[in-house]
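Engineer: For reference, the structure I am asking about is given below.
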Amino acid sequence: MHYFVYGQSPILPYTKLQFENFFPLWSHITIDSSIIDNIKYDGRNHIFPLHNKLEAIEKGGFVYTVDMAGLYGIEGGILQKRNLKTGDLIWKNVFDRRIFEYHEWPQKLWISQDGTINVLSFKSIDSYPATDLIFTLLQVPVTWSIRKYNSETGKLINHIFIRNSSFAFNSNEISNFLFECDKGYIYMKRSITEVEEYYSIHKFDTNFNHVKSDTTWLNLPMELNDILIGGVLPYDGGYVSFDVKAGVKKLRSYSLLFWDKAFNVTDSVKSIVLEDLFSDNPSRYFLRYANSEIVLLETMKFDGNEFVPTGYVLNHKGDLIQKFNLPQKNGYYKRSYFTTFSKKQKCPYIITRHAEDGYGIEIYNVCDSLTYNIKAKTFPENIAVTPINAKILSSGDIILSIQQAKDTILNGRRNLYNQGLIWLVLDGHDLGLVSSTIQQTKSNQLSISPNPTHGIIRMNNLKSPVSVKIYNLNGQILKSFTNIENEIDIRDVPAGMYIFDISNKTINERHKIIIIE
Numbered sequence: 229m230h231y232f233v234y235g236q237s238p239i240l241p242y243t244k245l246q247f248e249n250f251f252p253l254w255s256h257i258t259i260d261s262s263i264i265d266n267i268k269y270d271g272r273n274h275i276f277p278l279h280n281k282l283e284a285i286e287k288g289g290f291v292y293t294v295d296m297a298g299l300y301g302i303e304g305g306i307l308q309k310r311n312l313k314t315g316d317l318i319w320k321n322v323f324d325r326r327i328f329e330y331h332e333w334p335q336k337l338w339i340s341q342d343g344t345i346n347v348l349s350f351k352s353i354d355s356y357p358a359t360d361l362i363f364t365l366l367q368v369p370v371t372w373s374i375r376k377y378n379s380e381t382g383k384l385i386n387h388i389f390i391r392n393s394s395f396a397f398n399s400n401e402i403s404n405f406l407f408e409c410d411k412g413y414i415y416m417k418r419s420i421t422e423v424e425e426y427y428s429i430h431k432f433d434t435n436f437n438h439v440k441s442d443t444t445w446l447n448l449p450m451e452l453n454d455i456l457i458g459g460v461l462p463y464d465g466g467y468v469s470f471d472v473k474a475g476v477k478k479l480r481s482y483s484l485l486f487w488d489k490a491f492n493v494t495d496s497v498k499s500i501v502l503e504d505l506f507s508d509n510p511s512r513y514f515l516r517y518a519n520s521e522i523v524l525l526e527t528m529k530f531d532g533n534e535f536v537p538t539g540y541v542l543n544h545k546g547d548l549i550q551k552f553n554l555p556q557k558n559g560y561y562k563r564s565y566f567t568t569f570s571k572k573q574k575c576p577y578i579i580t581r582h583a584e585d586g587y588g589i590e591i592y593n594v595c596d597s598l599t600y601n602i603k604a605k606t607f608p609e610n611i612a613v614t615p616i617n618a619k620i621l622s623s624g625d626i627i628l629s630i631q632q633a634k635d636t637i638l639n640g641r642r643n644l645y646n647q648g649l650i651w652l653v654l655d656g657h658d659l660g661l662v663s664s665t666i667q668q669t670k671s672n673q674l675s676i677s678p679n680p681t682h683g684i685i686r687m688n689n690l691k692s693p694v695s696v697k698i699y700n701l702n703g704q705i706l707k708s709f710t711n712i713e714n715e716i717d718i719r720d721v722p723a724g725m726y727i728f729d730i731s732n733k734t735i736n737e738r739h740k741i742i743i744i745e
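Once you know that position 172 of the sequence shown is 400 in this note's numbering, the rest is easy, because the numbers rise by one and skip nothing.
Right, here's the structure in full:
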């Protein structure tokens, strides 16, 4: 049985995507001829997938998606509202932002408390030729722009932007953040060239009129050297920012701050704690996720052959809850295209691309060390599919955006040319996002007790002996047993969380076991 998705794209007139094992609850290809008829398209479409910002928001039984940052050679985007259960289209709004040669590039999507849909964009200060080349260069003066849409009809309500040119910045800068707050907006700008490190915080009213400005200084060395910006993220209690500075006296200094909703710093993690945590001095840092309990960070360190990715789950005090590496294939680490977090499972999920036996994607459950391989194939020619973004819904299902990209060789270098984008929803039960492990969902025959344990565990309802392998959360095997009929003595295993791989001719299950002192 196969699952097919049909659509059209600018490069190939007809595209068919085939799923061979995991079947989406629903899916759709964003681009079709009706969408691009009235939008300028010049074919220059070489944009690395990680630079694209695509978002999905769940609210009231509907999902809102926006495809952003110049996909398909279009400077603009496609805003859609769909039924969350069926995927039926309620409305769509296609916007080409090359109006009067002034460009806009969508960056973010959110829903206000009154239900208004907001699309935040970079708006060019000056006019430029109507071409994707400007977007590719990403070095033009821009300001913030917000387009507001009615969530029921999809019609444009208002378009506001900052008119004061003193707040302009270059579109290739990653040090600018804008958030909606009580009675207006907050624009945070991170210093990038000064010796002293700080955030300048500017308050604007609901019409983008400037109200006041302030400065929050960071406890980082006052020496001119490289800074590495991890980013700023909102969470249900406020905001979190992560900054790194490469200095002279210390290889790295760190700032991890927690802000309230009025953008006052309420707490922080000491730099010495993070220096100890990142003692291997990675070269790249990413702030992936935050909620009221944890922060998910990711680093990359070049080992002379490849960048080795490592993930960290911390509480707000800086205590390490979990450390993990991305899965490997043939001795090499797979590059993470997206790392997200399940609040229900309290577990990170990593989404990568694979090209073994045809193109596809893999979803990796860090806590259970389970990998879900989703095979996909495109017609009339086989084209790479790359995961771009993902969001775990309240139901436990996951909405995922996949970009099709044509694999080509140009001047000896491999390139991916954007072709089409697919939104699909996958069943959370099938991916272990609802129950603690996918095996526990499928079988109630085997049970393990007690859990947590002081060192003796019992396996109940076994009909024949099993083999047991014990892994730590980094995927390293610690102990192995054979011909187990009931109990295992693991009192020599240190306290912590482990993965038990249990198998015989009829059982092949993995369970999380916590050992306490």
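Glycine included, each C-beta is placed from N, C-alpha and C at the ideal position.
#1: Assign I302 to one of three DSSP states: helix, strand, or coil.
#2: Per DSSP, what kind of secondary structure is L690 in: helix, strand or coil?
#3: If you check the beta carbons only, do G475 and F514 fall under 8 Å apart?
#4: Pull the bridge partners of I374 from the DSSP assignment, please.
#5: Can you find the residues in the same chain that come closer than 6 Å, C-beta to C-beta, to T527, ignoring five residues on each side of it along the sequence?
#6: Let me check understanding here. Comparing Cα to Cα, which of K498, T710, N593, A490 lies closest to S481?
#7: For the beta strand (DSSP E) holding D442, just list the boundary residues, first then last.
#8: What separation, rounded to the nearest whole angstrom, lies between the Cα atoms of I318 and I388?
#9: Note the first and the last residue of the continuous beta strand (DSSP E) segment covering L542.
#10: Pick out whichever of Y426, N543, T681, F407 has its Cα sitting closest to the Cα of L525.
#11: Where does I749 fall in DSSP's three states?
#12: If we ignore side chains and look at the alpha-carbon of each, how far apart do V468 and G382 end up?
#13: Is the number of C-beta pairs between the region 414-421 and the region 430-439 that are closer than 8 Å three or more?
#14: According to DSSP, simplified to helix, strand and coil, what is S403?
#15: With burial defined as no fewer than 16 other Cβ atoms inside 10 Å of the residue's Cβ, what is the status of D546: buried or exposed?
#16: Along the chain, where does the alpha helix (DSSP H) containing I500 start, and where does it finish?
#17: For W333 and W372, what's the separation of their Cα atoms in angstroms?
#18: Please report the residue range of the beta strand (DSSP E) in which L525 lies.
#19: On the three-state DSSP scale, how would you describe F395?
#20: Rounded to a whole number of angstroms, what is the C-alpha to C-alpha distance between G192 and S496?
#21: Which residue's Cα is closest to the Cα of K313: W254, I306, N346, T293?
#22: Which residues mark the beginning and the end of the beta strand (DSSP E) in which G210 is found?
#23: Along the beta strand (DSSP E) that carries D717, what are the first and last residues, could you check?
#24: Inspect the beta-carbon positions of F728 and I684 and report whether they are closer than 8 Å.
#25: Where DSSP assigns a beta bridge to G412, which residues make up the other side?
#26: Quick one: what's T681 bridged to in DSSP?
#27: Let me know if V423 comes out buried or exposed under the rule of 16 or more other beta-carbons within 10 Å of its beta-carbon.
#28: Would you check if the region 734-744 and the region 703-711 touch, i.e. whether three or more CB-CB distances between them fall below 8 Å?
#29: Whose C-beta lies closer than 6 Å to the C-beta of S399 among residues of the same chain, with five residues either side of it excluded?
#30: What first and last residue would you give for the beta strand (DSSP E) that runs through D471?
#31: Pull up the distance between the alpha-carbon of S692 and that of S483, whole angstroms please.
#32: Give every residue of the same chain whose Cβ lies closer than 6 Å to the Cβ of E286, excluding the five residues on either side of it in the sequence, and list them in chain order.
#33: Quick check on V594: does DSSP put it in helix, strand or coil?
#34: Among residues of its own chain, excluding the 5 on either side of L479, which ones have a beta-carbon nearer than 8 Å to its beta-carbon?
#35: Using 8 Å as the threshold, is the C-beta distance between I203 and K376 below it?
#36: Is T688 near S677, with beta carbons less than 8 Å apart?
Structural biologist: In short:
#1: Along the sequence shown, one-based indexing puts residue 302 at 74. Residue placement at I302 is poorly supported in this model, since its pLDDT is 43, which falls under 50; the coordinates still yield a value, given next. The answer is coil: DSSP assigns I302 none of H, G, I, E or B.
#2: Residue mapping note: residue 690 aligns to position 462 of the sequence shown, counting from 1. If DSSP states are grouped into helix, strand and coil, L690 belongs with coil.
#3: Here residue 475 corresponds to residue number 247 of the sequence shown, with the count starting at 1. Here residue 514 corresponds to residue number 286 of the sequence shown, with the count starting at 1. In this structure, F514 does not lie closer than 8 Å to G475 by Cβ.
#4: Taking the sequence shown and counting its residues from 1, the one referred to as residue 374 is at position 146. Answer by DSSP bridge pairing, in chain order: L348, I388.
#5: Within the sequence shown, residue 527 is the residue found at index 299, counting from 1. Taken in chain order, the residues that qualify are P510, Y513, T538.
#6: Mapped onto the sequence shown, residue 481 falls at position 253. Looking at the Cα atoms, K498 is the closest of the given residues.
#7: Along the sequence shown, one-based indexing puts residue 442 at 214. Start and end: 438-445.
#8: Here residue 318 is taken as the residue at index 90 of the sequence shown, counted from 1. Here residue 388 is taken as the residue at index 160 of the sequence shown, counted from 1. Near 26 Å, if we compare the C-alpha coordinates of I388 and I318.
#9: The residue labelled residue 542 in the question sits at position 314 within the sequence shown. Element bounds for L542: 535-543.
#10: Residue 525 sits at position 297 when you count from the first residue of the sequence shown. The shortest Cα separation from L525 among Y426, N543, T681, F407 belongs to N543.
#11: What is shown of the chain runs 229 to 745, which leaves residue 749 out entirely.
#12: In the sequence shown, residue 468 corresponds to position 240, counting from 1. In the sequence shown, residue 382 corresponds to position 154, counting from 1. Distance between the alpha carbons of V468 and G382: 32 Å.
#13: yes
#14: Reading the sequence shown from its first residue, position 175 is the one you call residue 403. The answer is coil: DSSP assigns S403 none of H, G, I, E or B.
#15: The residue labelled residue 546 in the question sits at position 318 within the sequence shown. It is worth fixing the name first, because residue 546 is Gly in this sequence and not Asp. Under this definition G546 is a buried residue.
#16: Position 272 of the sequence shown holds residue 500. First-last of the alpha helix (DSSP H) with I500: 499-505.
#17: Mapped onto the sequence shown, residue 333 falls at position 105. Mapped onto the sequence shown, residue 372 falls at position 144. For W333 and W372, the distance between alpha carbons rounds to 10 Å.
#18: Position 297 of the sequence shown, counted from the start, is the residue given in the question as residue 525. Here the beta strand (DSSP E) through L525 covers 522-530.
#19: Walking along the sequence shown from the start, residue 395 turns up at place 167. Reduced to three states, the DSSP call for F395 is helix.
#20: There is simply no residue 192 to check, as the chain begins at 229 and stops at 745 in what is shown.
#21: For the purposes of this step, residue 313 is taken as residue 85 along the sequence shown, with counting starting at 1. For K313, the nearest C-alpha among the options comes from W254.
#22: No statement about residue 210 is possible, as the shown extent of the chain runs from 229 to 745 and does not include it.
#23: As a first step, residue 717 is located in the sequence shown; it is residue number 489 there, counting from the start. From DSSP, the beta strand (DSSP E) with D717 extends over 715-717.
#24: In the sequence shown, the residue the question calls residue 728 occupies position 500. In the sequence shown, the residue the question calls residue 684 occupies position 456. Contact: no.
#25: By one-based count along the sequence shown, residue 412 stands at place 184. C409.
#26: Position 453 of the sequence shown, counted from the first residue, corresponds to residue 681. Paired residue(s): I743.
#27: Sequence index remark: in the sequence shown, residue 423 carries index 195 (1-based). Looking at its Cβ environment, which holds fewer than 16 other Cβ atoms inside 10 Å, V423 is exposed.
#28: no
#29: Counting from 1 along the sequence shown, the entry for residue 399 is found at position 171. So the qualifying residues of the chain are F350, L366, V368, V370.
#30: The sequence position of residue 471 within the sequence shown is 243, counting from 1. From DSSP, the beta strand (DSSP E) with D471 extends over 466-473.
#31: Taking the first residue of the sequence shown as 1, we reach residue 692 at position 464. Taking the first residue of the sequence shown as 1, we reach residue 483 at position 255. Using only the alpha carbons, I get a separation of about 54 Å.
#32: Taking the first residue of the sequence shown as position 1, residue 286 is located at position 58. L621, listed in sequence order.
#33: The residue given as residue 594 occupies position 366 in the sequence shown. Three-state DSSP puts V594 in coil, outside helix and strand.
#34: Taking the sequence shown and counting its residues from 1, one reaches residue 479 at position 251. Counting only Cβ-Cβ distances below 8 Å, and skipping sequence neighbours, we find N509.
#35: A query on residue 203 cannot be resolved here, the shown segment of the chain reaching from 229 to 745 and no further.
#36: The residue given as residue 688 occupies position 460 in the sequence shown. The residue given as residue 677 occupies position 449 in the sequence shown. A small correction: the amino acid at residue 688 is Asn; Thr does not occupy that position in the sequence shown. Their beta carbons are under 8 Å apart, which means N688 touches S677 by this criterion.
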